[in-house]
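Down below is the structure, laid out as C-alpha cells.
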Amino acid sequence: MANFPEIVHEPTQQGFAKQALAQGLIDSHGRAITDLRVSVTDRCNYKCVYCRTGQVGAQYDELTTEQYLRLIRNFVDLGIEKVRLTGGEPLLRRDLTEMVRELASWRTPLGQKLDIAITTNGHLLEDLAQPLKDAGLSRVTVSMDAVEQETFERVTRVPGSFPAVVQGIRAAQQAGLGPVKVNCVLLRGFNDDQIEGFGHLARREGLIVRFIEFMPLEEGRLWNLDMVVPVKEIVDRLSTVFPLKPLAPNAASETARRYGFTDGIGEIGIIAPVTQAFCGACSRIRLTSDGKIRTCLFSHREHDIYAQLRLGATDQDLRTFILSAVEKKEARHHIGEPGFLKPSRSMVHIGG
Ligand code: SF4
164 MANFPEIVHE
174 PTQQGFAKQA
184 LAQGLIDSHG
194 RAITDLRVSV
204 TDRCNYKCVY
214 CRTGQVGAQY
224 DELTTEQYLR
234 LIRNFVDLGI
244 EKVRLTGGEP
254 LLRRDLTEMV
264 RELASWRTPL
274 GQKLDIAITT
284 NGHLLEDLAQ
294 PLKDAGLSRV
304 TVSMDAVEQE
314 TFERVTRVPG
324 SFPAVVQGIR
334 AAQQAGLGPV
344 KVNCVLLRGF
354 NDDQIEGFGH
364 LARREGLIVR
374 FIEFMPLEEG
384 RLWNLDMVVP
394 VKEIVDRLST
404 VFPLKPLAPN
414 AASETARRYG
424 FTDGIGEIGI
434 IAPVTQAFCG
444 ACSRIRLTSD
454 GKIRTCLFSH
464 REHDIYAQLR
474 LGATDQDLRT
484 FILSAVEKKE
494 ARHHIGEPGF
504 LKPSRSMVHI
514 GG
C-alpha cells in the first residue's frame with residue numbers, strides 16, 4: 164500500500180501564515196518571492212536540440228484548470244504578483260485562454276491586478292495572440308533560436324516551423340502584446356552565428372531580444388562549459404551592428420542585463436545564469452505540470468502540493484505547505500562547481 168503523504172496541519176504555522184500574509188513570501192535568505200512560473204503541460208510540438216533529446220510527448224501528468232487555479236490562488240494570497248504560464252508548450256492547452264481570463268479577473272491581497280505572461284515557442288501564436296490579449300494577457304515571450312530558417316529548423320528539428328513563429332510574433336505585436344520579448348538560447352557551434360542577425364531583428368522589428376546562456380538542463384548529455392557564449396563576446400559582436408549602451412534594470416530581480424543601441428532603436432538583454440549568476444535577487448518559484456513546487460530551477464527536491472490537494476487539504480493547509488516550501492528555497496545554483504549534479508527533471512519538464 165503506497166504511503167500517502169500526510170496533510171501538513173501545523174498549527175504552529177498559523178501564526179507564521181498570518182505573518183507571511185502581512186509581509187509576503189520571504190525565503191530564509193531574505194528574498195521576496197513574487198514570481199510564480201506554472202508549467203501547464205510538458206507536451207511540446209518542438210524537439211529543440213538543447214532541450215529535448217529523448218522521447219517526445221508527455222512524461223508527466225497535467226492538472227485540470229480548476230486545480231491549477233486553486234493552487235495559484237493560494238500563491239497569490241501569499242504575495243505572488245506575477246504569474247508566467249509555461250510548458251513544454253503552453254499553447255497546446257486548449258483551455259489556456261480561459262485560464263488567462265480567470266487570472267486576469269483576480270486581485271492580489273493588496274488589490275492589484277496580476278501581471279500575467281506566457282512563454283511560448285510561438286508556433287500556435289498567430290491564431291491565439293488576439294484571444295489571449297482580449298482575455299487579459301499582459302506580456303508574451305517567444306523562444307526563437309535563430310533568425311534564418313535553415314538554422315532555426317536545425318535547432319527545433321521541425322520543418323516549416325520558422326514562418327509560423329515569425330507570423331506568431333507579428334500577430335502578438337498587432338494584438339498589443341508588445342514589446343514582444345524574444346528569447347534565444349545560445350549554443351556555441353549551433354546558433355552562435357546568429358548574434359548579429361538578432362541585433363538587426365531587434366532594431367528592425369522593435370523586439371526585445373534576449374540571449375540566454377545554455378544551462379545544463381537538457382535531457383541528454385550535450386552541455387559543457389565550452390558551449391556557453393560569454394556576455395562580453397555577445398556585447399562585442401552586437402556592437403559591430405550598432406554601438407550599445409548599458410540600460411538600468413527594470414527591477415532588482417530582473418534576470419537580464421539590459422542594453423540599448425545608442426540611437427535608441429532596439430533593446431537587447433543578456434541572461435547569464437552560468438557565468439554571471441543572479442541568484443542573490445531571485446524572486447522565482449515554480450509549479451510543475453504535475454503539481455510539484457520547485458523552489459529553484461536546479462532543485463534536487465520537490466514539494467508535492469498536488470498530493471495535498473488530492474488529500475483534501477484546506478486552502479489554509481495549502482498556504483502553510485507553500486510557506487514551508489519557500490522556507491527551504493536554495494540560496495543559489497552550483498553549476499560548474501565540484502559535485503554539481505544536474506536536476507532530475509530537464510527544462511521541458513520544468514518550464515523555465
Ligand atoms: S538558479 Fe535557482 S536560485 Fe538561482 S536564479 Fe535560478 S531559480 Fe533562482
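First residue of the sequence shown: 164, per this note's numbering; consecutive thereafter.
We put the beta carbon where it would ideally sit given N, CA and C, even for glycine.
Owing to the predicted nature of the structure, the values given are computational and were not obtained by experimental measurement.
Beta-bridge pairing of residue i - partner residues as DSSP gives them
{"i": "Lys408", "result": "Gly423"}
{"i": "Thr304", "result": "Thr282, Lys344"}
{"i": "Ser202", "result": "Thr249"}
{"i": "Leu349", "result": "Glu376"}
{"i": "Leu450", "result": "Val201, Ile456"}
{"i": "His466", "result": "Ile456"}
{"i": "Ile434", "result": "Ile375"}
{"i": "Ile189", "result": "Ala195"}
Helix, strand or coil at residue i [DSSP, three-state]
{"i": "Ile428", "result": "coil"}
{"i": "Thr197", "result": "coil"}
{"i": "Asn166", "result": "Caution is warranted here: a pLDDT of 41 is assigned to Asn166, below 50, making its placement in the model unreliable, and no coordinate value can be reported."}
{"i": "Ile513", "result": "coil"}
{"i": "Thr227", "result": "coil"}
{"i": "Lys276", "result": "coil"}
{"i": "His172", "result": "Legend: pLDDT at His172 = 42, less than 50; position of this residue unreliable, no value from coordinates given."}
{"i": "Leu232", "result": "helix"}
{"i": "Cys442", "result": "helix"}
{"i": "Lys296", "result": "helix"}
{"i": "Ile358", "result": "helix"}
{"i": "Glu313", "result": "helix"}
{"i": "Glu382", "result": "coil"}
{"i": "Ser507", "result": "coil"}
{"i": "Lys492", "result": "coil"}
{"i": "Ala476", "result": "coil"}
{"i": "Phe461", "result": "coil"}
{"i": "Ile332", "result": "helix"}
{"i": "Leu241", "result": "coil"}
{"i": "Arg215", "result": "coil"}
{"i": "Arg257", "result": "coil"}
{"i": "Thr271", "result": "coil"}
Proximity of residue i and residue j at Cβ, strictly below 9 Å
{"i": "Ile498", "j": "Ala440", "result": "yes"}
{"i": "Lys492", "j": "Asp190", "result": "yes"}
{"i": "Arg421", "j": "Ala435", "result": "no"}
{"i": "Asp198", "j": "Ile371", "result": "no"}
{"i": "Leu248", "j": "Ile279", "result": "yes"}
{"i": "Ile485", "j": "Phe315", "result": "no"}
{"i": "Phe325", "j": "Cys347", "result": "no"}
{"i": "Gly331", "j": "Thr283", "result": "yes"}
{"i": "Glu244", "j": "Leu277", "result": "yes"}
{"i": "Met307", "j": "Arg351", "result": "no"}
{"i": "Ile196", "j": "Val489", "result": "yes"}
{"i": "Thr451", "j": "Ile513", "result": "yes"}
{"i": "Phe424", "j": "Ile431", "result": "yes"}
{"i": "Leu287", "j": "Glu252", "result": "yes"}
{"i": "Val529", "j": "Cys211", "result": "Outside the shown range of the chain (164 to 515) lies residue 529, about which nothing can therefore be said."}
{"i": "Gln357", "j": "Val310", "result": "yes"}
{"i": "Gly285", "j": "Val511", "result": "no"}
{"i": "Arg482", "j": "Leu241", "result": "yes"}
{"i": "Glu381", "j": "Tyr213", "result": "yes"}
{"i": "Asp453", "j": "Asp224", "result": "yes"}
Any non-hydrogen atom of ligand 1 within 8 Å of residue i CB
{"i": "Pro342", "result": "no"}
{"i": "Pro436", "result": "yes"}
{"i": "Arg373", "result": "no"}
{"i": "Thr418", "result": "yes"}
{"i": "Arg464", "result": "no"}
{"i": "Cys442", "result": "yes"}
{"i": "Arg508", "result": "no"}
{"i": "Cys347", "result": "no"}
{"i": "Cys211", "result": "no"}
{"i": "Arg247", "result": "no"}
{"i": "Glu493", "result": "yes"}
{"i": "Leu460", "result": "yes"}
{"i": "Cys207", "result": "no"}
{"i": "His496", "result": "yes"}
{"i": "Arg447", "result": "yes"}
Chain C contact for residue i (CB, 9 Å cutoff)
{"i": "Leu370", "result": "This model lacks chain C altogether; it includes just one protein chain."}
Residue i: CB within 8 Å of a non-hydrogen atom of ligand 3
{"i": "Gln439", "result": "As presented, the structure is devoid of ligand 3, carrying ligand 1 as its sole ligands."}
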